[in-house]
Every structure is written in structure tokens, then in C-alpha cells.
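Just so you know, we're using the numbering used here here: the sequence shown kicks off at 14 and counts up by one.
We put the CB at the ideal spot given by N, CA and C, even for glycine.
Because the structure is a prediction, the values reported are computed rather than measured.
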Amino acid sequence: MGGENIKLISLLIVLTGFCHSMIGQRAENEYAVDKSFTSITASYDFSKNPYTGYTRKHWLEITEKIIAGELIHLSSKTGMPQIRIPIGDSAYEKIRWKNEAETGKRVLERMMLAVIIYTKATGKDEVPGFKGSISAPFIKAMINGTDPASPQYWGDPITYDQVGAVFAMAVYIEPKRYWEPLTPEQKTNLLKYFQKQSYTETYNNNHYYFHMIATEILDRYGFESNREHLTQMFERLMGWYRGDGWFLDGNNRTFDYYNLWGFQLFNQVLYKYDHLWRREFGDRIKTTTAKFLECLPYLHGKDGGPIPWGRSLAYRFAGNSAIAWATINGMNTLAPGLARRIASGSLKYFWEHGCMGSDSLLSIGYWGNNASVAEIYLHYGDPYWANQGLACLLIPENDAFWTDTEKPMPADKAGGRISVIGAQFSIRINAADGESRLFPVGQQLAKDRTIWQSGSKYDQHAYSSYLGFCLNGDENGQLGAGRSGYSYDGINWFYRERAKPILVDTNYHISSYTLTPKYASDSIPYFNRDEIITHTLVGNDGEVYVFWHNDPQPIYLYLGGYGLSVPRNKKLFEQVTNKKIFVNGGDYYSVIEVIQAPEGKLEAITLLPGKGWSHTHLFGGKGAFPFWHSTKPVPPNVPVIFFVNGTRNRTPADNPVQVTKQGSVLKLKFEGKWHEIKVPF
């Protein structure tokens with residue numbers, strides 16, 4: 014292992030320099046970012062890049078650091094990844110799924126992607142901080158892994174194996190390096206591996222793409238490719254399109270970032286490299302891409318960070334792949350300077366918030382290492398799916414994407430709103446500070462809420478680019494932050510999940526969700542259950558929630574406010590009156606104001622990490638949030654009304670709400686406008 018230690022020392026020497034701070038105020042970072050690993054020496058250019066300062070040189074330097082960092086974790090003998098279990102989140106290691114037959118090669122190809130992109134973009138096969146060829150270890154591992162005569166042979170792919178798409182992308186992107194030098198036998202071995210994967214049983218969702226990418230290569234060299242069946246799967250993938258540029262992720266039944274780093278990414282890759290599918294699906298891909306790009310600028314706050322919501326957030330800047338491949342294929346309908354501002358802003362956001370740890374690896378987490386973010390299917394090397402987002406470097410250096418001046422996103426200007434009816438959400442960007450907030454009016458995620466922390470990631474009433482959300486580690490129970498809820502006994506609580514959209518608008522939402530039966534023995538069909546109905550008024554700075562239940566019996570009601578990240582060395586500040594609770598932790602604030610409700614109580618909770626966990630918030634630190642709950646059961650059809658808001662680096666402003674009632678119509682004056690809500694009585 015001596016050679017690998019030398020490589021590590023070289024990396025530490027090279028990864029030095031000056032790190033420019035992000036524009037505007039940033040929240041206190043729970044992580045002590047080791048700048049010896051992340052500092053950038055490239056000069057910032059704020060004349061051409063007024064919002065990020067990032068140039069193509071920054072992209073290249075970050076990619077070099079990622080490559081140098083990952084290479085020292087490859088075995089010098091086999092080329093396969095050797096990643097130690099991080100210290101701190103030992104509980105995650107006990108519950109994560111372990112699939113040794115696939116994990117190593119899956120991490121290998123995810124790491125390899127950065128090398129494929131870099132060698133193609135620069136023509137170089139070396140980076141500062143690593144001595145020797147950067148492509149050779151990956152090529153060696155790929156050759157040995159697909160060779161039945163090699164001791165490192167991977168064997169036949171098992172059911173649900175997803176590995177091979179990136180190897181195929183290497184053949185497409187730079188055949189002179191990753192294909193042509195292979196011997197006839199090595200090529201045949203790789204083709205046979207691709208062929209086996211084209212027939213491997215997989216999950217009924219975005220995973221179909223993993224088995225489709227090599228189809229054109231197999232056809233080209235006379236191997237049976239299973240094209241007829243895979244064409245049917247392509248039809249199924251396109252059939253999950255729901256409008257406005259958004260795809261439902263198959264049997265997961267989710268709208269999330271897999272739309273970017275799954276559907277948008279691979280539709281473009283197949284469009285570019287498979288002429289038969291381009292002819293059959295090309296027009297639909299162009300249409301869905303154009304619609305998606307209308308929404309994309311709203312997904313990011315002024316600091317560049319995307320709105321965190323959904324699963325696999327450890328993939329971080331992988332969403333940039335949607336911009337990259339649309340541009341490569343000539344389908345980018347955004348101004349080139351706007352596209353680069355979004356992509357550079359996202360890369361900069363994650364890089365400066367500590368996505369690379371002191372072990373030189375991209376960690377499981379959102380900012381820094383934080384296993385409470387993870388789903389149990391993630392291995393410690395899986396965050397390298399983020400390398401897909403580096404594909405912007407495949408865009409030619411003289412393209413307008415790189416040469417035009419950065420253009421502002423909505424968050425850089427006067428804010429804005431958009432309703433994305435196809436994906437059942439709307440987005441509002443606050444003109445005051447550039448925060449972007451997403452409201453998932455509907456979200457029919459199929460998964461059991463006992464895994465993936467799905468309730469926290471999908472079922473909140475809103476998600477904020479500045480605030481993140483509370484977590485408590487997979488399989489540790491539900492949280493009520495950001496969600497309404499109910500209880501039959503005032504002790505055991507259920508929270509909003511699988512909301513159904515009734516109205517999706519930029520200013521006003523209506524949704525409902527069904528109540529879990531009081532007794533487990535009550536086999537009431539899902540479609541025949543009682544509900545909680547919610548009306549949401551989306552203000553410029555905060556929201557008003559009006560909700561009631563229609564269970565014939567009185568039940569307890571609940572509303573959780575925005576979750577905050579509290580530094581581990583600080584306590585949550587709480588200020589409570591009979592009508593309002595205000596909490597502050599570090600740079601974050603959350604408020605709930607009772608406008609109209611029966612007898613209840615306002616409280617706050619700070620979530621301490623359980624044994625084997627380090628954090629209870631997406632951004633790190635201790636998660637905390639305010640909440641209201643009724644102290645007595647509330648009769649059916651009785652509306653409760655609240656004002657809710659959360660902010661960063663500023664105290665939430667007062668936002669008075671007036672309420673009157675005329676018959677079965679509630680009239681609310683909010684931010685100077687009157688709104689009418691029809692209630693049962």
C-alpha cells in the first residue's frame with residue numbers, strides 16, 4: 014500500500030489555494046470544511062460570470078480534485094474501489110443493504126465517469142495530485158471484471174444489477190481511449206457483458222435505462238441486443254411522462270430529482286448515440302426537454318443551491334447532467350448564460366459546502382458527511398453519481414454555454430412563481446432574499462414510510478432551498494416537521510402522506526390525504542377512507558394553511574413548522590405566546606402563528622442524534638422545529654387556520670391575516686388580498 018500513501022501525500026500537497034466565498038450571505042456551516050482539499054486556485058471572473066465567478070477552469074480544477082481524490086482509493090492491484098466505512102454514522106452501516114456482487118463495480122463506474130469526461134474534455138490522461146494515467150486503473154478493472162479467465166472476474170450480472178451504462182458511455186464518448194485499444198478478446202468480453210445486462214431483470218422504474226445504453230454498440234458488432242423488448246421499455250419510460258417536462262419514476266410513483274439525473278439525462282444520451290431510438294422517440298424527447306427547461310431555473314435559490322426534496326440527495330450536482338446533455342444535443346432552450354449560471358451555481362454550492370471530505374471522497378450527505386440523509390440502498394461510493402453533472406465539460410470550449418455572459422435566474426432578480434401541474438407542485442421564489450420554495454401539492458410515493466425517511470423527503474407541505482429539512486436516520490420513525498397530522502388518542506400521531514392534488518396554482522393550492530384507520534383490523538379500502546383537506550395560500554413571504562378533517566368522530570389535529578439546522582454547540586431559542594411560537598437556531602428562524610383554531614398548544618422540539626448517528630438535519634447539526642397540536646379532539650369539518658414561515662439570515666416579518674365567515678365561505682385577507690375558501694358549514 015506504500016504507493017497509495019505516496020499518492021495521498023501528493024494529493025494533499027496539490028489541493029491548496031485560495032477559496033473565494035459565495036456571493037451574498039450564507040448560513041453557518043455545521044461542517045468544518047477542510048480547504049486543503051477544496052480550495053480552488055483558478056481566478057474568479059465576475060465580469061463574465063457576475064453571479065458565480067466560476068469559469069470553465071473552475072470546473073476543470075474541481076474535476077481534477079475529484080479524480081485525484083477517488084484514484085487513491087482504488088486498489089493498485091485490481092483497480093477496484095477500496096472505501097473504508099466513515100467514522101461517526103455507525104448506525105447506518107448496520108441497516109444499509111449490502112450487495113457485494115454489485116457494489117464494487119457500481120462504485121467503479123460512477124468514479125470512472127469523471128475520468129471519461131475529463132480525458133475527453135482536455136485530451137489529458139493525468140491530473141495534479143496523482144502520478145500516472147488516470148484512465149488506466151479503470152480500464153484495467155473493466156477488462157479484468159469482464160474476463161472469465163481473470164481472478165477479478167465479476168461473473169454474470171445478478172437480478173437488478175445496474176452496472177454497465179457508464180462503460181458504454183465511455184465507448185461512445187471517447188472510443189479512441191476506452192474501446193479501440195482493447196484487444197479483440199477484450200472487446201468481445203465487454204460486449205458479452207453488455208449483452209447479459211440487456212436481458213437482466215430490473216426494477217420497474219428509471220433502472221430500465223441502465224440496460225438500454227449499450228444497445229447500439231451491440232447492434233453495431235452483431236450481438237443480439239434485445240432491442241425489441243427494450244424498445245417496449247422505452248415506450249414505458251416515455252409513458253410515465255406526466256406533462257410540463259416531468260416523468261413519474263415508475264413503480265416508485267415519485268416526482269423528484271430522478272427526473273433530472275435519470276429521465277432527462279438518459280433520454281438525451283440515447284438520443285445522441287442510438288439513431289434508431291432517436292428516429293422513434295426524438296420528437297417526444299425534444300418536447301419533454303423543452304417543457305422541463307421552462308421549470309429548471311426556478312429549482313434553484315440565489316445561492317445556487319437546488320431545492321432539496323426527494324431521495325438520493327447525496328447525488329448533489331448530478332442534476333447538471335440535464336443541462337449538459339440538452340446543450341450537447343442542441344436542445345437547450347435556455348439562454349446559454351442562464352444555463353451556465355444554473356450549472357455553475359449548483360457545482361459551487363456543493364463544493365463550497367464541503368461535499369468532499371478530509372478523506373478526499375465525495376461523502377454520503379448533502380453538505381458534508383451525513384448518513385442521516387442516506388437511503389438504505391446507498392453505498393459509501395454511490396455519491397459519485399454526482400459525476401454525471403460534470404458532463405458540462407463535454408460541451409465544446411467555444412460553445413456559447415461557456416463564452417456568453419452569465420444571465421440571471423429568477424432568484425437573482427425579482428423572484429417569481431410557476432405552477433408545474435404535470436408534477437403536481439408549484440414553486441415560489443422570494444424576491445426579498447432569493448429563496449426558492451417548492452410546494453408538493455400531490456405526491457403519491459408508493460414506498461412504505463418506514464424506509465427512506467420518505468415522509469420527511471416527500472410529504473412536507475413545502476421545501477426550501479435555504480432551510481433544508483429535519484431527518485433522524487432511516488428506520489427511526491416519522492417526523493412531523495413541515496407536515497400536518499392527526500391522532501386518535503393525542504399520543505400516537507400520523508402525518509401527511511400521499512397527498513392528492515385538487516388544485517395546483519401559483520398562489521393557491523387544495524389537496525387532501527387519507528386517514529389511516531383507527532384500528533389495524535379496520536380493512537377500509539384506501540379510496541373509501543376519511544380525509545384531511547388542506548387549502549394553502551402561498552404568500553410572498555410565508556403561507557396560510559386552512560385544513561379540516563371529515564372523520565365522523567372528533568380527532569386531534571397537528572401542524573409542524575419549518576425544520577431548522579441548529580449548530581451542535583448551541584441551543585434552540587424559543588419564544589412562545591398563546592397565539593405564536595418563534596424559534597431560532599444559528600442563522601435560521603421558524604414561526605407558526607395561530608389564526609383560528611380550537612384549544613391547543615404551541616411547542617418546539619430539538620432532535621438529538623440517536624446512537625450511531627451524527628446529525629438530525631439535512632445541512633448537519635441538530636434538527637429542530639415548532640409545532641401546534643390540539644389538546645382536545647376537534648370535531649369534523651371545523652377549519653383550523655395558521656400562518657407559517659421560515660427564513661435564513663433574517664427574522665420573519667409579521668404578516669397579518671384577517672378572517673371573516675359568511676355562511677359556508679371563509680374570507681381571508683392575506684398580504685393585502687382577499688381569498689375565499691368554501692368550507693362544509
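For Phe655, the beta-bridge partners assigned by DSSP are Tyr558 and Val607. For Gln491, the secondary structure class from DSSP, reduced to helix, strand or coil, is coil. By the 16-neighbour rule on beta-carbons within 10 angstroms, His628 is buried. Your pair Asp269 and Trp322 checks out as a contact, with CB atoms roughly 7 angstroms apart and the cut at 8 angstroms. Approximately 6 angstroms separates the beta-carbon atoms of Val672 and Ile608; this is inside 8 angstroms, confirming the contact.
When the beta-carbon positions are compared, Leu278 and Ala227 stay at least 7 angstroms from each other.
A Cβ-Cβ separation of about 17 angstroms leaves Leu528 out of contact with His474 under the 8 angstroms criterion. Asn157 and Leu492 have their C-alpha atoms some 46 angstroms from each other. A distance of 7 angstroms or more separates the beta carbons of Gly576 and Phe632.
Here DSSP, grouped into helix, strand and coil, assigns Leu278 to helix.
If one requires a minimum length of 3 residues, the beta strand (DSSP E) runs lying completely within the segment 659 to 694 are 670 to 675, 678 to 683 and 686 to 691, in chain order. Across the set Lys592, Phe586 and Asp600, the C-alpha of Phe586 shows the shortest separation from the C-alpha of Ile618. Per DSSP, Ala154 is one residue of the alpha helix (DSSP H) stretching across Ala149 to Gly158.
About 4 angstroms separates the Cβ atoms of Ala127 and Asn400, confirming a contact at the 8 angstroms cut-off. With respect to the 7 angstroms criterion, Asn218 and Asn264 are classified as neighbours on the basis of their beta carbons. A direct Cα-Cα distance of roughly 43 angstroms separates Leu451 from Ser88. A distance below 7 angstroms separates the beta carbons of Phe656 and Val670. Under a 10 Å Cβ-count criterion, Thr159 is classified as buried, with 16 or more other Cβ atoms of the shown protein chains found around its own Cβ. Closest in C-alpha terms to Tyr476, from the list Trp506, Ala512, Phe507 and Phe438, comes Phe438. About 6 angstroms separates the beta carbons of Ala181 and Ile230, which is inside the 8 angstroms limit, making them a contact pair. Here Phe632 carries a coil assignment [DSSP, helix/strand/coil].
Going by C-alpha positions, Tyr501 is about 26 angstroms away from Ile515.
By the Cβ neighbour-count rule, His313 is buried, with 16 or more other Cβ atoms within 10 Å of its own. If you ignore the 5 residues before and after Ile431, its C-beta comes within less than 8 angstroms of the C-beta of Glu307, Cys308, Tyr311, Ser439, Ile440 and Thr519, all in its own chain and listed in chain order. Here Glu612 is exposed, its C-beta having fewer than 16 other C-beta atoms within 10 Å.
Membership of Asn597 in the beta strand (DSSP E) is indicated by the continuous run Lys593 to Gly598. For Glu307, DSSP assigns no beta-bridge partner whatsoever.
Close CB contacts of Gly394 within its chain, under the 6 angstroms cut and outside five residues either way in sequence, are with Pro94, Ile96 and Val120 (chain order).
The secondary-structure analysis by DSSP pairs Lys614 across a beta bridge with His642. With 16 or more other Cβ atoms inside 10 Å of its own Cβ, His548 counts as buried. In the DSSP assignment, Glu187 is bridged to no other residue. A direct Cα-to-Cα measurement between Tyr328 and Gly367 gives close to 13 angstroms.
Under DSSP, Glu544 takes part in a beta bridge, and its partners are Thr527.
Here Ile98 is exposed: its Cβ has fewer than 16 other Cβ atoms, across all protein chains shown, within 10 Å.
With fewer than 16 other Cβ atoms inside 10 Å of its own Cβ, Trp110 counts as exposed. The Cβ atoms of Ser449 and Tyr569 lie no closer than 7 angstroms to each other.
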